[in-house]
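I have placed the structure first, in the form of structure tokens, so that the comments after it can refer back to it.
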Amino acid sequence: MAAASLLFTVACSGSGGEEASGVSNESPTVELTIVPADGETEVAPNTPVTVTASIGTIEEVTVTQTPAAPEDADASASPEAAETEEAEEAGAGEVDEITGTLNEDGTEWVSDWTLTPGSTVTVVATGKSPEGETAEFTSTFTTLEATPGHRLEVQSNFPVSGDVVGVGMPVIINFDLPVENKAAVEAALEVVSEKPTQGAWNWFGDQTVVFRTEEYWEPYQKVTVNMHLAGVQAAEGVYGIENHQLTFEVGRSQISEVDSETHRMVVTRDGEQIKDFPISTGNATTRAYTTTSGTHLTMEKYQHLVMDSATVGIPPGHPDYYKLDVNYAVRFSNSGEFTHAAPWNGSLGQANLSHGCVNMSTADAQWFYENSYMGDPLVVTGTDRELEVDNGWGYWQRSWEEWLANSTLGEADRTDEPGSPGSPHRSVGEQAEAAE
Numbered sequence: 392m393a394a395a396s397l398l399f400t401v402a403c404s405g406s407g408g409e410e411a412s413g414v415s416n417e418s419p420t421v422e423l424t425i426v427p428a429d430g431e432t433e434v435a436p437n438t439p440v441t442v443t444a445s446i447g448t449i450e451e452v453t454v455t456q457t458p459a460a461p462e463d464a465d466a467s468a469s470p471e472a473a474e475t476e477e478a479e480e481a482g483a484g485e486v487d488e489i490t491g492t493l494n495e496d497g498t499e500w501v502s503d504w505t506l507t508p509g510s511t512v513t514v515v516a517t518g519k520s521p522e523g524e525t526a527e528f529t530s531t532f533t534t535l536e537a538t539p540g541h542r543l544e545v546q547s548n549f550p551v552s553g554d555v556v557g558v559g560m561p562v563i564i565n566f567d568l569p570v571e572n573k574a575a576v577e578a579a580l581e582v583v584s585e586k587p588t589q590g591a592w593n594w595f596g597d598q599t600v601v602f603r604t605e606e607y608w609e610p611y612q613k614v615t616v617n618m619h620l621a622g623v624q625a626a627e628g629v630y631g632i633e634n635h636q637l638t639f640e641v642g643r644s645q646i647s648e649v650d651s652e653t654h655r656m657v658v659t660r661d662g663e664q665i666k667d668f669p670i671s672t673g674n675a676t677t678r679a680y681t682t683t684s685g686t687h688l689t690m691e692k693y694q695h696l697v698m699d700s701a702t703v704g705i706p707p708g709h710p711d712y713y714k715l716d717v718n719y720a721v722r723f724s725n726s727g728e729f730t731h732a733a734p735w736n737g738s739l740g741q742a743n744l745s746h747g748c749v750n751m752s753t754a755d756a757q758w759f760y761e762n763s764y765m766g767d768p769l770v771v772t773g774t775d776r777e778l779e780v781d782n783g784w785g786y787w788q789r790s791w792e793e794w795l796a797n798s799t800l801g802e803a804d805r806t807d808e809p810g811s812p813g814s815p816h817r818s819v820g821e822q823a824e825a826a827e
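Heads up, the working numbering is the position in the sequence shown plus 391, with the first residue counted as 1.
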């Protein structure tokens, strides 16, 4: 990689107090080197921007990026441009800023995040001489474009901006392409919370990554997820093309405990018990009809839902087939488990007669439906079927030690500190070498 290295010589004052003409060999100097160098083209987007001072120190570095404008388009007049301007005014544009880290003696600055593919990048660095004089250095270069079919994008995420969630809520990001370079993508995801905690990312397959905290979130706070994905090398020849910012709110702490043996559900809010419901769980005649024990999270809810056993592998014609219309259903796994109204069940609080769901009275089910946030913990005990970590959002089934060990980076991310563990600049080759 070539470098832009400039030597700046500062003219001193003459004995008469006027600026001296010419250049004195005794004049203090500033020398900064910028990489990538001025004029370079097709720079890999995951290349770090570095500024090094061989004489003097670095005072300030700014990096601006101008993505290539579509031909025959007036971007400033497009609806997309208007939406971008509104998002930036709301603060979402902050995720696109290329910040950097300066070492303690002020002689090296390295960018924190990767560069947008297909952009013109300008780096302006200001250095200071030992005598206190300043000089400015510039490097302008272009980055390699991401080719169609090789552009990593976010397909979906949970929660979405504006959501109010429960204290157990993870951050779930689904990508449109498989990610091979998981360490770099993890490092590009920055989680910031108003109340300090730590967490880590785990992968479920090659396209889904999940952030979970060590303990439940503290209630009543805002959480921001900065996805610095533009320029991250996800696989050989595959780069992220866009940054995203997700902001959600953690609401009150509401934890529900379902005891299959006592046939009760107790709801605790902000540390105080507020409800104690009679319920009925799975009859356990088959594994499918056994309610899973473990720490679940409420996922979604329906005021009215048709429950068809064919969706969990029991088709029409099977002796155990059922199809029910239910009200006030709140999902807590992907194996067909919901809390819901079951006015036909006359054994609430007495026996377990359901097909695996948590049956409740209509009034109790309605209350739970109306008072549940996505991500509220729902802990089931008393059955011999354990919830799988990948069944719905069973992520709390892993201990914190197991969760951290399953992170590609293997290091906790402090949410009250900027940045993230690891380097988003890491290449596919570097990850492969580290794995050997």
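Virtual Cβ for every residue (Gly too), placed ideally from N, Cα, C. Since the model is a prediction, treat every value here as computed from it, not as a measurement.
Could you work out which residue in P458, V558 and T604 is closest to S510 when comparing CA atoms only? P458
For V576, the nearest candidate out of T507, V771 and Q624 (CA to CA): Q624
Using DSSP with H/G/I as helix, E/B as strand and the rest coil, what is V819? helix
Measure how close the beta-carbons of E544 and E633 come, nearest whole angstrom, since I'm counting them as under 8 Å. 7 Å
Excluding the 5 residues preceding and the 5 following D597 in the sequence, name in chain order all residues of the same chain whose CB lies nearer than 6 Å to its CB. P569 and V570
Three-pair Cβ contact test at 8 Å for the stretch 790–806 versus the stretch 576–585: yes
Would you tell me roughly how many angstroms separate the C-alpha atoms of V434 and A516, rounded to the nearest one? 19 Å
Can you give me the start and stop residues for the beta strand (DSSP E) that W592 sits inside? Q589 to W594
Distance check for W608 and F602, CA to CA, integer angstroms please. 12 Å
Could you round the C-beta distance between D767 and G557 to whole angstroms and report it? I think they count as a contact, below 8 Å. 3 Å
So, are the CB atoms of R542 and V629 less than 9 Å apart? yes
Among the residues of its own chain, which have a CB less than 7 Å from the CB of K573, if the five just before and after it don't count? W594 and T799
Counting only the same chain and skipping the five closest in sequence on each side, list residues whose C-beta sits under 6 Å from that of S738. S671 and L744
Assuming F528 and P427 form a contact by the criterion Cβ under 8 Å, report the distance between their Cβ atoms to the nearest whole angstrom. Contact doesn't hold; Cβ gap of about 13 Å is too wide.
CA-CA distance, R722 and V454? 46 Å
Kindly indicate which three-state DSSP category W794 falls into: helix, strand or coil? helix
Just list the residues that DSSP pairs S502 with in beta bridges. G491
Excluding sequence positions up to five away, which residues of its chain have a Cβ less than 6 Å from the Cβ of E691? R722
Does DSSP classify S355 as helix, strand or coil? The structure shown has nothing for residue 355, since the chain only spans 392 to 827.
Buried versus exposed, by CB contacts within 10 Å (16 or more), Q664: exposed
The alpha helix (DSSP H) that contains E577, what's its start and end? K573 to A578
In terms of alpha-carbon separation, which member of P815, E761, V819 and G820 lies closest to W504? P815
Nearest-angstrom Cα distance between Q521 and T448? Per the sequence presented here, residue 521 reads as Pro, with Gln not at that position. C-alpha separation (whole angstroms): 8 Å.
Suppose the cutoff is 7 Å on Cβ atoms and the five residues either side in sequence are ignored; what does the same chain contact list for G631 look like? L543, L620, A621, G622, V623 and A625
Exposed or buried, which one is W592 when buried takes at least 16 other CB atoms within 10 Å? buried
Entirely enclosed beta strand (DSSP E) segments - the stretch 656–738, minimum 3 residues: 663–669, 685–688, 691–699, 714–722 and 729–732
Quick one, are the C-beta atoms of T774 and S651 less than 9 Å apart? yes
Residues sharing a beta bridge with H635, DSSP: M618
Check whether Y680 and G747 have beta carbons under 9 Å apart: yes
Assuming T424 and T438 make a contact with CB atoms under 8 Å, what is their CB distance in whole Å? About 15 Å; that fails the 8 Å criterion.
Report back the beta-carbon spacing between M765 and P436 to the nearest angstrom; my notes put them in contact at under 8 Å. Between P436 and M765 the Cβ distance is about 34 Å, and since that is not below 8 Å, they are no contact.
In angstroms with no decimal places, state the Cα-to-Cα distance between V717 and D755. 14 Å
Looking at the structure shown, is V558 part of a helix, part of a strand, or coil, going by DSSP? coil
Taking the alpha-carbon positions, what's the V501 to N494 distance? 9 Å
Taking the alpha helix (DSSP H) that D650 falls in, what are its first and last residues? Careful: D650 lies outside any alpha helix (DSSP H), inside the beta strand (DSSP E) at Q645 to D650.
Status (buried if at least 16 other CB within 10 Å, exposed otherwise) for A393: A caution first: A393 carries a pLDDT of 48, below 50, which makes its placement in the model too unreliable to give a value.
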